[in-house]
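Everything on this sheet refers to the single structure shown next.
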Amino acid sequence: MDERYDFKKIEERRQRIWQGEQTFKVTEDPAKPKYYCLEMFPYPSGRIHMGHVRNYAIGDVVSRYKRMRGFNVLHPMGWDSFGLPAENAAIQHGIHPSKWTLENIEFMRDKQLKRLGLSYDWDREVTTCLEDYYRWNQWFFIKMFDRGIAYKKLAYVNWCPSCATVLANEQVEDGLCWRCSSVVAHRELEQWFFKITAYAEELLADCDKLTGWPERVLTMQRNWIGKSTGVEVDFTVEGSGGKLTIFTTRADTLFGVTFMSIAPEHPVLESLIKGRKQADEVRAFVQRVMREDKATRTDEKREKEGVFTGAYAVNPLNSEKVPVWVGNFVLMEYGTGAIMSVPAHDQRDFDFATKYGLPIRVVIQNAEKSLVPETMKEAYIENGIMANSGTFDGLSNIDAMSKIAEYIEQRKLGKRTVNWRLRDWGISRQRYWGTPIPIIYCDACGTVPVPEKDLPVRLPMDVELTGRGKSPLAESRSFRDTACPKCGKTARRETDTMDTFVDSSWYFLRYCSPRENKAPFDKKAAGYWMNVDQYIGGIEHAVLHLLYARFFTKVIRDLGLFDGDEPFQNLLTQGMVIKDGAKMSKSKGNVVDPEFILTKYGADTARLFSLFASPPERDLDWSDQGVEGAYRFLHRVWAVIYKHSAEMNDVRPAGAEARGDKLYRKTHLTIKKVTEDIEREFHFNTAIAALMEMVNEMYDYTADGVDKKQLTVLRSAIDALTLLMAPFAPHFADEIWESLGNRGSIANAAWPLYDPEAIVLSEITVVVQVNGKVRSKLMLPAGTSDRDIEAAALADPKVKEYTNGKTPKKVIVVQGKLANVVV
Ligand SMILES: [Zn+2]
Ligand SMILES: [Zn+2]
945 MDERYDFKKI EERRQRIWQG EQTFKVTEDP AKPKYYCLEM FPYPSGRIHM GHVRNYAIGD
1005 VVSRYKRMRG FNVLHPMGWD SFGLPAENAA IQHGIHPSKW TLENIEFMRD KQLKRLGLSY
1065 DWDREVTTCL EDYYRWNQWF FIKMFDRGIA YKKLAYVNWC PSCATVLANE QVEDGLCWRC
1125 SSVVAHRELE QWFFKITAYA EELLADCDKL TGWPERVLTM QRNWIGKSTG VEVDFTVEGS
1185 GGKLTIFTTR ADTLFGVTFM SIAPEHPVLE SLIKGRKQAD EVRAFVQRVM REDKATRTDE
1245 KREKEGVFTG AYAVNPLNSE KVPVWVGNFV LMEYGTGAIM SVPAHDQRDF DFATKYGLPI
1305 RVVIQNAEKS LVPETMKEAY IENGIMANSG TFDGLSNIDA MSKIAEYIEQ RKLGKRTVNW
1365 RLRDWGISRQ RYWGTPIPII YCDACGTVPV PEKDLPVRLP MDVELTGRGK SPLAESRSFR
1425 DTACPKCGKT ARRETDTMDT FVDSSWYFLR YCSPRENKAP FDKKAAGYWM NVDQYIGGIE
1485 HAVLHLLYAR FFTKVIRDLG LFDGDEPFQN LLTQGMVIKD GAKMSKSKGN VVDPEFILTK
1545 YGADTARLFS LFASPPERDL DWSDQGVEGA YRFLHRVWAV IYKHSAEMND VRPAGAEARG
1605 DKLYRKTHLT IKKVTEDIER EFHFNTAIAA LMEMVNEMYD YTADGVDKKQ LTVLRSAIDA
1665 LTLLMAPFAP HFADEIWESL GNRGSIANAA WPLYDPEAIV LSEITVVVQV NGKVRSKLML
1725 PAGTSDRDIE AAALADPKVK EYTNGKTPKK VIVVQGKLAN VVV
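For the sequence shown, our numbering assigns the number 945 to the initial residue and increments by one for each residue that follows.
Rendered as C-alpha cells:
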C-alpha cells in the first residue's frame, strides 16, 4: 500500500483491471435473483455535464450495492443518438451527422464515462442511430401500421417561408425561424401518427400499479392523459343554422353561459365572420395568436385576449343568444375547439368578462344567497343552490349536474361523453437524422409498407444538409425513387423520419439481448431481466418519454413479445445540479466541467461529492468546499488504514468476542445505518455522513496506539469500512481491498451484515450525588449490579472528597442510573 492516496494511479489501474477481467459483464442466471438498474441514456452531445455525473453515480451505487447483496445486476449504457443537434452541426460546420455523432460517442464513452468507474456491462451498449437498432423501429412501425395503430392524417407544422422548410418546435424562437428570423407560419401536411389514445384508458388506470413512482410524476402522467367526464352540447349559430359543439364538465352551470369562445384555428371561424365588419380585426388577431406556440397560449399566467366575431349562438337550454368570441387561450386540439364561458363560476371567464365588459350571471348561489354580479370580486367556484336555471332552481348544483345531463340527452340537445386531453402521437419529422419511415407510395397500389425482409430502410449517407428547402431525404433521388414491393412499378419512398422519442420508447428491452438479429429482443432474455427494477433520470422526462415508453410496452405486449403491462417498477427522478442558485447553463456562465474535477480530484471524489451533497431527489447545490471536503475525507481514510497496514496482514478480524468494544460497536452501528439509508429511498448523503463518523471514531481509537486485541477490532472495522465504501468510491475501495490481502474485485464481495448484539449499548452512565448534590459521573459496563454500583460510587475520588473520609449512612441506587450517597 502506498503511503499517499494517488487517485490517478489507482483509478487508471482499477479501470484497466475491471475491463480486462470483464468484472461487470452479466448473463442470465436463473439461480440468482436479478436486478435491472437503468439510468436514462444520454444524447451524445459531445461532453458529459455534472447532471450526468450525478445521474450515473446514483445508478452506480444502486447497482454495486445490489451486486454485493447477491443480485445478478443488469446495468447497461447506450446512446440516444438521433436528433436535431447532429443535423445542426452538419449545417453549421459541414460535418456529416453520422461522423459527428459517432465521434462524440467514442469520446464520451472512452474519455469521460469510463473515467467515472461506472459498473456498466459495455458489451450491451445500444446506439439508436445504427441500423441494427433502428431497423426494429421500422419493424414496430410496420406491425403498428398493420394494426391501424400507425396512421396518417393532416396536421399543422411550423413553416419558414424564407428557408422554405419545416421547422421543429425547438427551431422556433419567439415565433421566429432560428436561422433567418422570418416569422414562422403554419402549414397543414399529411403526417404519421401513433394511436396512443387507443390506450388512454389503460395508461390512466395502470398509474395505480406504479407504486414505486414518485406521486408527483404520476400526477403529471394523469393530468397529461387528462380524462374528464361531462356533456357535449350543441349551440346553434344564429342565422346560419350551423352548430358549435362545446364540451363541459360543469353541466350545472349551463344556464350561466353569457358568451362563447372559439379557437383561432376553428374551421367555422371564416364562415362566422364572412361579410361582417369585424372580419378584418378578427383575421389580424388570429394571425397574431397563431404565431405563438401552444404552451405559451395556454400558460395560466398568460394574458387572456379575445375579439368579438360579430356572430351569436343560441344556448339550447334557455334559447338565449350569446356572442361568439375568438380567444387566444382556446386550443383546437382540446375538446371541440369551442368553449362555453360562465364568468360567474369560472375565474378565467370572470377575468375575461370583466376585461371586455361582458355580462355575468349567477346560477349557483352561496348559503347566504348573497351573490350579485355587480359586487362580485371573483368567480364563485364553490358548491351551492341552483338559481336562474329554470326548472332546476333550488336543487343543489351537484344533483343538478346529473339532472341537466339527463335533460340534455332526453331532448337530444347533446350527450354525456368522456373527453381526453391526450392526443395521438405525431411521429413524422421532415428531417434527415432519424429513422426512415418504412412506407412506399405507389400510384397503383397506394400506401404500401416495406416488406420485413427488405428492412432496414437505410439512411443514405450521400445527402447534403443545407437547412433550406425540402427535407434532405426528399431531395435524395437515390433514396426517394424505388420500386413498389407489390407491383414492381416505379414508386416513391416516404421521406419523413421518426420522432426520436420512438428510439427511447423500447431501448430498455433491447439491452436484454442487444445483439439479437432476428427480433427486436429475445423474449426469454426480456422475461428474465424485465421489469427495470430501478429507473433513474431527470424530472423533465416525467411526461412524454415515460408515457411513450409505457405505451410501447403495451403495444409490444399486444404483439405477443412481452408478458408485462408496465416497463419501470421503481422510478427515481433526481434533482438538478445548481450553482449560485441557478441551474448550470452556458448562458448563466456557471457551468462546472466534470473534466476539471476528474483531473484535479479524481472520479471517486466527484462521485462522493455528488452523492453526499444532498439526497438524490433534491437539487444539488454545487460547492467547491464540498468537493474539497470529499477529497480530504478519502485522504483521511487512506491515512488511518495506511498507518496500520503493516500490522494488519496476519490479523484476523474480531468477531462476537469483541462485543462491548467501542469501535466494534460503532462498526456494526455503521453497517446498520448505511444499509438502511441505501434501502430507504437511497439516502446516500446520510450514509456517507455515517461513514465519516466511523472514521472519526477510528482516529480516536488508535490515537494512543492499539494492543493486540484492539488490532483485531481495528481490522474488522477497516474491512467493514472498505466494503461499505465500495459502491460510493469503488476504485479507492478496490485498491484497499487488495492491499488487505483479498483476492478478486470488491465489487463481487458480500455486503457486510451487522451483529445485532454488538450494537446494544455496552456502557451506562451513573450520576453520583452526595447528599442530593451531583458530584460525579461513572461509566460502568451495562448490566452492573446495584451492589457494584454502590462500591464504585464509594471508591470514586470525587465522592471521597465530599465525604471527607466519613462512613456514609447509606447509599441509594435508583434504577441503575443514579447513586445518592447520604453522609
Ligand atoms: Zn428561416
Ligand atoms: Zn404498386
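The beta carbon of each residue, even a glycine, is placed where N, CA and C say it ideally should be. Every value quoted in this text rests on a predicted model; they were computed, and no experiment measured them.
According to DSSP, what are the bridge partners of H1489? Per DSSP, H1489 has no beta bridge partner at all.
Across which residues does DSSP place E1176 in a beta bridge pair? As a beta-bridge residue in DSSP terms, E1176 pairs with F1191 and K1359.
Does the beta-carbon of K1299 have 16 or more other beta-carbons within 10 angstroms, so that it is buried, or is it exposed? Under this definition K1299 is an exposed residue.
Check the DSSP bridge columns for E1707 and list the partner residues they point to. DSSP output for E1707 lists P1725 as bridge partner(s).
Output the residue ranges of the alpha helix (DSSP H) runs that lie fully inside the segment 1547-1614 and measure 4 residues or longer, sorted by chain position. The qualifying runs are 1547-1556 and 1568-1592.
By the DSSP assignment, the beta strand (DSSP E) with G1254 in it spans what residues? Note, G1254: beta strand (DSSP E), G1250 to N1259.
Whole-Å CB distance - R1227 paired with F1273, under 8 Å assumed: Incorrect: roughly 19 Å between the Cβ atoms, too far for contact.
Comparing alpha-carbon positions, which option in A1702, D1651 and T1517 lies nearest E1159? Taking only the C-alpha atoms, the option nearest E1159 is T1517.
How far does the alpha helix (DSSP H) with V1743 in it extend, from its first residue to its last? Its alpha helix (DSSP H) spans residues P1741 to T1747.
Out of A1094, R1091, G1119 and Y1095, which one is the CA nearest neighbour of C1104? Among A1094, R1091, G1119 and Y1095, the Cα nearest to that of C1104 is on G1119.
Starting from V1401, trace the alpha helix (DSSP H) both ways and give me its first and last residue. Where V1401 is concerned, there is no enclosing alpha helix (DSSP H), because DSSP gives it neither an H nor an E.
Cα separation between L1302 and A1129? Going by the C-alpha atoms only, they are around 32 Å apart.
Sequence-distant residues of its chain with Cβ nearer than 6 Å to Y1492 (five each side left out): Excluding sequence positions up to five before and after Y1492, its CB lies within less than 6 Å of the CB of F1445 and S1449, all in the same chain and listed in chain order.
Between V1392 and ligand 2, is the CB less than 8 Å from at least one heavy atom? It does: the Cβ of V1392 is within 8 Å (strictly closer) of some heavy atom of ligand 2.
Rounded to whole angstroms, how far is the Cβ of A1297 from the Cβ of T1173, which I believe are closer than 8 Å? About 26 Å separates the two Cβ atoms, so there is no contact after all.
Please classify D1065 as buried or exposed, where buried requires at least 16 neighbouring CB atoms within 10 angstroms. Buried is the call here.
Please confirm whether any heavy atom of ligand 1 lies closer than 8 Å to the CB of T1109. Yes, the Cβ of T1109 comes within 8 Å of a heavy atom of ligand 1.
Does the beta carbon of S1106 fall short of 8 Å from some heavy atom of ligand 1? Yes - ligand 1 has a heavy atom lying nearer than 8 Å to the Cβ of S1106.
On the criterion of 16 or more Cβ atoms from any shown chain inside 10 Å, does N1593 qualify as buried, or is it exposed? It is exposed - the Cβ of N1593 has fewer than 16 other Cβ atoms within 10 Å.
If D1548 sits next to A1673, beta carbons under 8 Å apart, how far is it from one beta carbon to the other, in whole angstroms? So it is a contact: roughly 4 Å between Cβ atoms.
With a threshold of 8 Å, establish whether the CB of S1415 neighbours any heavy atom of ligand 1. Between ligand 1 and the CB of S1415, the shortest heavy atom gap is not smaller than 8 Å.
Pairs of beta-carbons, one from the segment 1613-1631 and one from the segment 998-1018, closer than 8 Å: are there three or more? By the criterion of at least three beta-carbon pairs nearer than 8 Å, the segment 1613-1631 is in contact with the segment 998-1018.
Helix, strand or coil: which one does DSSP assign to T1072? Per DSSP, reduced to three states, the secondary structure at T1072 is coil, with no helix or strand assignment.
Any idea which residues DSSP pairs K1151 with across the strands? Inspection of the sequence shows that residue 1151 is occupied by Cys rather than by Lys. Checking the DSSP bridge columns, you'll see C1151 has no partner listed.
Hey, F1137 and S1333 are a contact pair by Cβ (cut 8 Å); roughly how many whole angstroms apart? So it is not a contact: roughly 41 Å between Cβ atoms.
List in chain order: all unbroken alpha helix (DSSP H) runs of 4+ residues lying wholly within the segment 1646-1677. Qualifying alpha helix (DSSP H) stretches, in chain order: 1652-1669.
Are there 16 or more other CB atoms within 10 angstroms of the CB of M1723, so buried, or fewer, so exposed? Burial call: exposed.
Rounded straight-line distance, which links the Cα of P1458 to that of V1181: CA-CA distance, V1181 to P1458, rounds to 59 Å.
For A1195, does the count of other Cβ atoms within 10 angstroms reach 16, so buried, or fall short, so exposed? Counting of Cβ neighbours within 10 angstroms places A1195 among the buried residues, the total reaching 16 or more.
Integer-rounded CB distance, given that T1426 should sit under 8 Å from A1435: Between T1426 and A1435 the Cβ distance is about 6 Å, and since that is below 8 Å, they are a contact.
Just to confirm, does G1432 get its C-beta within under 8 Å of one of the non-hydrogen atoms of ligand 2? G1432: yes, Cβ under 8 Å from ligand 2.
Would you report the Cα separation of Q1222 and K1498, rounded to the nearest angstrom? Distance between the alpha carbons of Q1222 and K1498: 50 Å.
On the DSSP bridge assignment, give the partners of A1427 in chain order. Per DSSP, T1434.
Span of the alpha helix (DSSP H) around N1167: E1159 to I1169 is the extent of the alpha helix (DSSP H) around N1167.
Using a Cβ-based criterion (distance less than 8 Å to any ligand heavy atom), does C1073 qualify as near ligand 1? Result no, Cβ not under 8 Å from ligand 1.
Taking 8 Å as the cut-off, is the beta-carbon of R1123 closer than that to any non-hydrogen atom of ligand 1? Yes; taking the cut-off as 8 Å, the Cβ of R1123 has a heavy atom of ligand 1 nearer than that.
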